[in-house]
Amino acid sequence: MHAAIQVALVSDQPTPNLTPVLDPAFRPRALMLVVSPDKRTQARWLAEALRDTGVAVEEWPIDDAWNIEHIRDRLLDLVIHLDGQSMALNVTGGTKPMAIAAYEVFRDHAPIFYVHPETDHLVWLHHPDQPPSRDLADRVKLDRFLLAHGASVTGKGSALGVPEHLRALTAELIRGIADYQKALATLNWYAQSAEGRLLSDPIKADVWRDPAFQTLLDRFIHAGILHVEEQRLRFPDEDSRFYANGGWLESHVWGICLQLKKETGIQDIARGVKVKRNTQGNKKPGNELDIVFLRNNRLHVIECKTRRFDDPPDGASRGAEALYKLDALADLFGGLKAKALLVSYRTLNETDRQRARQHRVEIYDGEKLKDLLAHLKRWIVER
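Take 137 as the starting number for the sequence shown in the numbering used here and just add one per residue.
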């Protein structure tokens, strides 16, 4: 029988405090958050994430997260406050003094468990019945997961699969990756120029005479993405313009992820996810994540790029900027165990590959896209 009350220590990593509450085998009636002054915001995020679950959330404040004597006294007060009710201690979070004091105090009063931050595996550190350790159920959905990490979802792209005629187009673009790279970069540029009006700038004469560009145009015209109007590109809607502006690669990766969803155990997935930080006074614009999903309660973030990463004359590094941003967003919205992947139509140089390794970002680019399904499957299931 699971405990009616879970006691958890608040830290910057909310997932180990969230997943035991949502697992039906451990679901409590209430969650008591032991929180220091500097973690009140994180406690508020956790409470918001659990707001509609029926689990009551209460804070038990401590004044100093590093004063072990003070923490011990406050936790003894908490045991008295709970007055013999069925409870269990989640000792995963907090500072080391918090964890040590909590273990000492609760050892004589309640079972104690730890959630492995990398595997979401629950291990009993102290329990009279000595139950086996176990994986926690993958019940968290993206919106709730992101709320616990201090972010609200303000919009999502279509959840539908990729239509057959567009799958055929992207398959052709991948097969001809060596032949289409330059022409696709040109198409991206003209599609970008059509933003807001759905009509591109006039196509230059030398571009118009390029056989590869003409072949590419024919492919997109046949798929209904665009038509030519007095040597300009006309798009029927913004979705079509976005698709020609590089969205086709996101669409391709999205289709593969949907194909792998059941096989790899993806628990929730979305594309074009607009997120905004829930910090007081935050006036910064939100971010958009191309493809994001949860597997084993672990956030996976995929960014899809078709542009070149050559550095501009001013010395700024486009590759470094993209990789740093991807790593930062994955960490910000998914915590330390989040995974990040950059899928690039164009081949990245060795400098950017080194940057990717430094930022813990996986890269699939260029010719690797021809076997993207196998690469994605490996990346999804690996620890």
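Beta carbons: idealized from backbone N, C-alpha and C, even for Gly.
So what's residue i in DSSP terms, helix, strand or just coil?
i	result
arginine 176	helix
tryptophan 384	helix
arginine 345	coil
threonine 415	coil
arginine 491	helix
alanine 224	strand
proline 233	helix
lysine 441	strand
glycine 408	strand
threonine 483	coil
aspartate 520	What the structure shows of the chain is the stretch from 137 to 519, and residue 520 is not part of that stretch, so it cannot be assessed.
phenylalanine 281	helix
tryptophan 181	helix
proline 152	helix
valine 389	helix
asparagine 433	coil
glycine 401	coil
glutamine 142	strand
histidine 252	coil
tryptophan 196	strand
alanine 295	coil
valine 517	helix
valine 497	strand
glutamate 366	coil
serine 329	helix
lysine 420	coil
valine 289	strand
Quick one: using the 10 Å Cβ neighbour count with 16 as the cut-off for buried, is residue i buried or exposed?
i	result
alanine 237	buried
asparagine 485	exposed
serine 269	exposed
tryptophan 344	exposed
valine 437	buried
isoleucine 473	Going by the sequence as given, residue 473 is lysine instead of isoleucine. Buried, by the Cβ-count rule.
histidine 363	exposed
valine 115	Outside the shown range of the chain (137 to 519) lies residue 115, about which nothing can therefore be said.
arginine 243	exposed
glycine 332	exposed
glutamine 178	buried
isoleucine 357	exposed
leucine 296	exposed
If residue i sits next to residue j, beta carbons under 8 Å apart, how far is it from one beta carbon to the other, in whole angstroms?
i	j	result
valine 193	alanine 201	Actually they do not touch by this definition, with Cβ atoms about 19 Å apart.
alanine 139	proline 164	6 Å
alanine 284	leucine 154	5 Å
histidine 245	valine 276	That belief does not hold up - the Cβ atoms of histidine 245 and valine 276 are roughly 29 Å apart, past 8 Å.
leucine 282	valine 411	6 Å
asparagine 226	alanine 144	4 Å
proline 233	isoleucine 207	6 Å
glycine 471	threonine 255	With 8 Å as the limit, glycine 471 and threonine 255 do not qualify as a contact, their Cβ atoms being about 14 Å apart.
asparagine 433	leucine 258	Contact doesn't hold; Cβ gap of about 11 Å is too wide.
With a threshold of 7 Å on Cβ separation, who are the neighbours of residue i within its own chain once the five nearest residues in sequence on each side are excluded?
i	result
valine 157	Gln142, Arg163, Pro164, Leu167, Leu186, Val191
tryptophan 591	In the structure displayed, the chain extends from 137 to 519; residue 591 sits before or after that span and is not available.
alanine 464	none
leucine 218	Ile141
leucine 352	Tyr316, Ala319, Leu320, Leu323
asparagine 423	Val411, Leu465
If you drop the 5 nearest sequence neighbours on each side, which residues of the same chain put their C-beta closer than 8 Å to that of residue i?
i	result
glutamine 221	Ala140, Ile141
leucine 509	Ile392, Gln395, Leu396
arginine 311	Lys506
leucine 430	Asp274, Val276, Lys277, Leu278, Phe281, Ile402, Gln403, Asp404, Ile405, His436
lysine 441	Gly382, Leu385, Ala458, Leu478, Val479, Ser480, Tyr481, Arg482
aspartate 293	Reading off the sequence shown, one finds glycine at residue 293, where the question assumed aspartate. If we look at glycine 293 and ignore the five residues flanking it on each side, its Cβ neighbours are Ala406, Arg407, Gly408, Val409.
threonine 290	Lys410, Val411, Lys412, Gly422
For residue i, which residues from the same chain have a beta carbon less than 6 Å from its beta carbon, with the 5 sequence-adjacent residues on both sides left out?
i	result
valine 298	Ser387, Gly391
lysine 475	His436
glutamate 439	Asp426, Leu462, Leu478
Would you say the beta carbon of residue i comes nearer than 7 Å to a heavy atom of the ligand PLP?
i	result
threonine 189	Absence of the ligand PLP from the depicted structure is noted, as is the absence of any ligand whatsoever, leaving it without description.
Checking contacts by CB at 8 Å: is residue i closer than that to chain B?
i	result
alanine 237	In the structure shown, chain B does not exist; there is a single protein chain.
Is the number of C-beta pairs between the segment 476-491 and the segment 363-375 that are closer than 8 Å three or more? No: fewer than three Cβ pairs fall under 8 Å.
If contact is defined by three or more beta carbon pairs under 8 Å, each pair taking one atom from either stretch, is the segment 309-327 in contact with the segment 348-361? Contact holds: three or more Cβ-Cβ distances are below 8 Å.
Does the count of Cβ pairs from the segment 245-260 and the segment 376-383 closer than 8 Å reach three? With fewer than three CB-CB distances shorter than 8 Å, the segment 245-260 does not count as touching the segment 376-383.
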